[in-house]
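Peer 1: This is the structure, below, for whatever I ask next.
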Amino acid sequence: MTAAKKSRYVDVSNPSLAVDCPRCGLRTARFDEFCRNCGYQLWPSSRAASAAFLAWRAADPARAPASRFDLEIPQHIDNTVDFAARARELGIHLFPNSSWPFIICLGILFLGLGAIPFSSTTRITLAVIGGVIFLYGVAGWVLVEDVKMYPGDSVEAGAEVHH
Ligand SMILES: [Zn+2]
Numbered sequence: 002m003t004a005a006k007k008s009r010y011v012d013v014s015n016p017s018l019a020v021d022c023p024r025c026g027l028r029t030a031r032f033d034e035f036c037r038n039c040g041y042q043l044w045p046s047s048r049a050a051s052a053a054f055l056a057w058r059a060a061d062p063a064r065a066p067a068s069r070f071d072l073e074i075p076q077h078i079d080n081t082v083d084f085a086a087r088a089r090e091l092g093i094h095l096f097p098n099s100s101w102p103f104i105i106c107l108g109i110l111f112l113g114l115g116a117i118p119f120s121s122t123t124r125i126t127l128a129v130i131g132g133v134i135f136l137y138g139v140a141g142w143v144l145v146e147d148v149k150m151y152p153g154d155s156v157e158a159g160a161e162v163h164h
């Protein structure tokens, strides 16, 4: 069968994973059985397309990460960003990742309970408990942890005042 013979032939020197469809002219995966755009049959069978793809991939170790359905060989690009370092570069003050906001919310809960019209003693007690927890949380976050993360900030600010 000529079709079977044809299916074994693949130009492995061509590095492209995409091909222009002979019928619609649009770009499609080279080793897909059908054109993705118009359904034109590019390969006599899925098996033939797969065999051609495997032969093509085996020709070059750089093609190992490719999939039959890719339009180009996937490149691993490390695009992680250290936002903390970036912010420091730009002079943006980020608050540290912290569990102190949970303490602050607990304080707000008690302050809120203090707003319920119970007897005044209960309300004052709740307000005092809430206020203490709230201030403890704010102090821990802003005065302790934040200063630990940005030890230079207060010094720089102080230096600028003298100009
Ligand atoms: Zn097509």
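Using the working numbering, the first residue of the sequence shown is number 2, and each one after it goes up by one.
For each residue, glycine too, the CB sits at the ideal point set by N, CA and C.
With ligand 1 as the reference, list in chain order each residue whose Cβ lies under 5 Å from any of its heavy atoms.
Peer 2: Per the Cβ criterion, the list is 22, 24, 25, 36, 38, 39, 41.
Peer 1: Exposed or buried, residue 78, counting other C-beta atoms within 10 Å across all chains shown (16 or more means buried)?
Peer 2: Locating residue 78 in the sequence shown gives position 77, where the first residue counts as 1. When all chains shown are included, residue 78 counts as exposed.
Peer 1: Quick check on residue 122: does DSSP put it in helix, strand or coil?
Peer 2: The count along the sequence shown starts at 1 and reaches residue 122 at position 121. Residue 122 falls in the helix class under three-state DSSP.
Peer 1: Between the alpha carbons of residue 53 and residue 81, how many angstroms are there, rounded?
Peer 2: The residue you call residue 53 lines up with position 52 of the sequence shown. The residue you call residue 81 lines up with position 80 of the sequence shown. Those two C-alpha atoms are separated by around 36 Å.
Peer 1: Whose C-beta lies closer than 8 Å to the C-beta of residue 147 among residues of the same chain, with five residues either side of it excluded?
Peer 2: In the sequence shown, counting from the first residue as 1, residue 147 sits at position 146. Answer for residue 147: 96, 97, listed in chain order.
Peer 1: Mapping DSSP to helix, strand and coil, what is residue 84?
Peer 2: For the purposes of this step, residue 84 is taken as the residue at position 83 of the sequence shown. It is helical.
Peer 1: What residues match up with residue 21 in a beta bridge as DSSP calls it?
Peer 2: Residue numbering aside, residue 21 sits at position 20 when the sequence shown is read from its first letter. In the DSSP output, where bridge partners are listed per residue, residue 21 has 28.
Peer 1: Give me the Cα-Cα distance between residue 100 and residue 129, rounded to the nearest whole angstrom.
Peer 2: In the sequence shown, residue 100 corresponds to position 99, counting from 1. In the sequence shown, residue 129 corresponds to position 128, counting from 1. In a straight line, the C-alpha of residue 100 is about 22 Å away from that of residue 129.
Peer 1: Residue 132 to residue 108, Cα distance in whole Å?
Peer 2: Locating residue 132 in the sequence shown gives position 131, counting from the first residue. Locating residue 108 in the sequence shown gives position 107, counting from the first residue. Using only the alpha carbons, I get a separation of about 6 Å.
Peer 1: Have a look at residue 118 and residue 124 and give me their C-alpha separation to the nearest angstrom.
Peer 2: Walking along the sequence shown from the start, residue 118 turns up at place 117. Walking along the sequence shown from the start, residue 124 turns up at place 123. Between residue 118 and residue 124, the C-alpha separation is close to 7 Å.
Peer 1: From residue 113 to residue 102, what does the alpha carbon distance come to, in whole angstroms?
Peer 2: In the sequence shown, counting from the first residue as 1, residue 113 sits at position 112. In the sequence shown, counting from the first residue as 1, residue 102 sits at position 101. Those two C-alpha atoms are separated by around 16 Å.
Peer 1: Can you round the beta-carbon distance between residue 19 and residue 72 to whole angstroms, since I take them to be within the 8 Å contact cut?
Peer 2: As a working note, residue 19 is residue 18 in the sequence shown. As a working note, residue 72 is residue 71 in the sequence shown. Indeed, because the Cβ distance is near 4 Å, the residues count as touching under 8 Å.
Peer 1: Is it buried or exposed for residue 58, if we count other Cβ within 10 angstroms and need 16 for buried?
Peer 2: Here residue 58 refers to the residue found at position 57 of the sequence shown. It is buried - the Cβ of residue 58 has at least 16 other Cβ atoms within 10 Å.
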